[in-house]
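J.: If you scroll down you'll find the structure; I have some questions about it.
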Amino acid sequence: MPSIFFGTNAWAAPWLGLIGTLFIIVVGLLWLDRQRRRAQANQEPYGTNLKNEPETAEDIRLPHPLIAILVNNAGIQYTAPVESFPVEKWDAIIAINLSSVFHTSRAALPGMQARHWGRIINIASVHGLVASKEKAAYVAAKHGVVGLTKVIALENAQSPITCNAICPGWVLTPLVQQQIDKRIAAGEDAETARLALLSEKQPAQAFVTPEQLGALVLFLCGEGGAQVRGAAWNMDGGWLAQ
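In terms of the working numbering, the sequence shown is residues 3 to 244.
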């Protein structure tokens, strides 16, 4: 699957421009096309292939050699038992969900070290902390993201560069909507399907919102987050409290 990154003062709010250049790594050519049409003066969409390390590194370094903030938010999913999990799906999920975090961080860190400031924020998942059946590749990748986050944090612990992971529960993304759609196809109405899915894991019975994630990203980028290092911050509607 081709993947994209979106750059410069985007996503959470325009005031992120006060901090510096922000890159957000996401997946989807349709998303890229929409952003190109909607981009404001301080937003620049770019395309790359996160499965290809040299291409990813080059695409990140060329337009903005000194990235201040990197948000890794790319993710794909496939569900099946381990014994029937397609190898090509495993490889693709590990490449997009885990290896791309290594490649983008590796490309961005020298610039952060040169400017003596930086933030790497990896959008992992509650599945980086606990497991669910039939999600072997996704769970393995997100656990890997949490581990990589800790390593990067430790390697830069005596500098103003921090690295943290956010571990959301269910956000109403296309990946989660697919699970709701399966229930609807099995005969449930939309609201029943939504509540049934949330009730399985998320006691609040409410989805995490992109705005809530953005607010936590902003905190981690600011002075209040300066000594938050290597954290796996769950935002999961009570999922892990059970």
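In this text, a Cβ means the ideal position worked out from N, Cα and C, and glycines have one as well. In this text, all values refer to a predicted model and were calculated from it rather than measured experimentally.
Cβ of Gly120 within 9 Å of Cβ of Asn158?
T.: Yes. Within cutoff.
J.: So, is Asn236 buried or exposed, given that buried needs 16 or more other C-beta atoms within 10 angstroms?
T.: Asn236 is buried by the Cβ-count criterion.
J.: I'd like to know if Glu85 contacts chain D, where contact means its C-beta is closer than 9 Å to some C-beta of that chain.
T.: No chain D is present in this structure, which holds just one protein chain.
J.: Within the stretch 115 to 155, note down every full beta strand (DSSP E) run reaching 3 residues or more, in order along the chain.
T.: Segments of the beta strand (DSSP E) lying fully in the stretch 115 to 155: 120 to 125.
J.: Looking only at its chain, what residues have a beta carbon closer than 7 Å to the beta carbon of Val230, apart from the 5 residues adjacent to it on each side?
T.: So the qualifying residues of the chain are Thr164, Asn166, Leu222.
J.: Quick one, which of Tyr80, Leu111, Ala110 has its alpha-carbon nearest Ile96's?
T.: If we check each option's Cα against that of Ile96, Tyr80 comes out closest.
J.: Just verifying my parser: in three-state terms, what is the DSSP assignment at Thr164?
T.: Reduced to three states, the DSSP call for Thr164 is strand.
J.: Helix or strand or just coil, what does DSSP make of Leu72?
T.: In the structure shown, Leu72 sits in a strand (DSSP, three-state: E or B).
J.: Can you confirm whether the stretch 143 to 151 touches the stretch 178 to 189 when touching is taken to mean that 3 or more C-beta pairs between the two stretches lie within less than 8 Å?
T.: No contact exists between the stretch 178 to 189 and the stretch 143 to 151.
J.: Could you check if Leu150 is buried or exposed, using at least 16 other CB atoms within 10 Å of its CB as the buried criterion?
T.: The residue in question, Leu150, is buried, as its Cβ has 16 or more Cβ neighbours within 10 Å.
J.: Mapping the DSSP letters down to three states, classify Ala97 as helix, strand or coil.
T.: Helix at Ala97.
J.: Starting from Ala234 and walking both ways along the beta strand (DSSP E), at which residues does that stretch end?
T.: Where Ala234 is concerned, the enclosing beta strand (DSSP E) stretches over 234 to 237.
J.: The alpha helix (DSSP H) with Pro212 in it runs from where to where?
T.: Pro212 -> alpha helix (DSSP H) spans 212 to 223.
J.: Take Trp92 and list the residues in its own chain whose beta-carbon comes closer than 6 Å to its own, dropping the five residues that flank it on each side.
T.: Same-chain partners within the cutoff: Ala139.
J.: Taking 8 Å as the cut-off, does the stretch 205 to 213 touch the stretch 119 to 134 (at least 3 CB pairs, one atom from each stretch)?
T.: Too few Cβ pairs lie closer than 8 Å, so no.
J.: How big is the Cα-Cα spacing for Ile98 and Ile78?
T.: Whole-angstrom Cα-Cα distance: 7 Å.
J.: Starting from the Cα of Ala174, find the closest Cα among Asn124, Lys137, Ser161, Ala195 and give me that residue.
T.: Ala is not the amino acid found at residue 174; the sequence shown has Leu there. When only C-alpha atoms are compared, the closest one is Ala195.
J.: Have a look at Ala228 and Ser161 and give me their C-alpha separation to the nearest angstrom.
T.: In a straight line, the C-alpha of Ala228 is about 10 Å away from that of Ser161.
J.: Per DSSP, Pro170 forms a beta bridge with which residues?
T.: Looking at the DSSP assignment, Pro170 forms a beta bridge with Met237.
J.: In whole angstroms, give me the CA-to-CA distance for Leu68 and Ala109.
T.: Straight-line Cα distance between these residues: approximately 10 Å.
J.: Taking the Cβ atom as the reference point for each residue, do Ile122 and Ile71 lie within a distance shorter than 9 Å?
T.: It is a contact, given that the beta carbons lie within the stated cut-off.
J.: Buried or exposed: where does Lys135 fall if 16 or more other Cβ atoms within 10 Å of its Cβ makes it buried?
T.: Its Cβ having fewer than 16 others within 10 Å, Lys135 is exposed.
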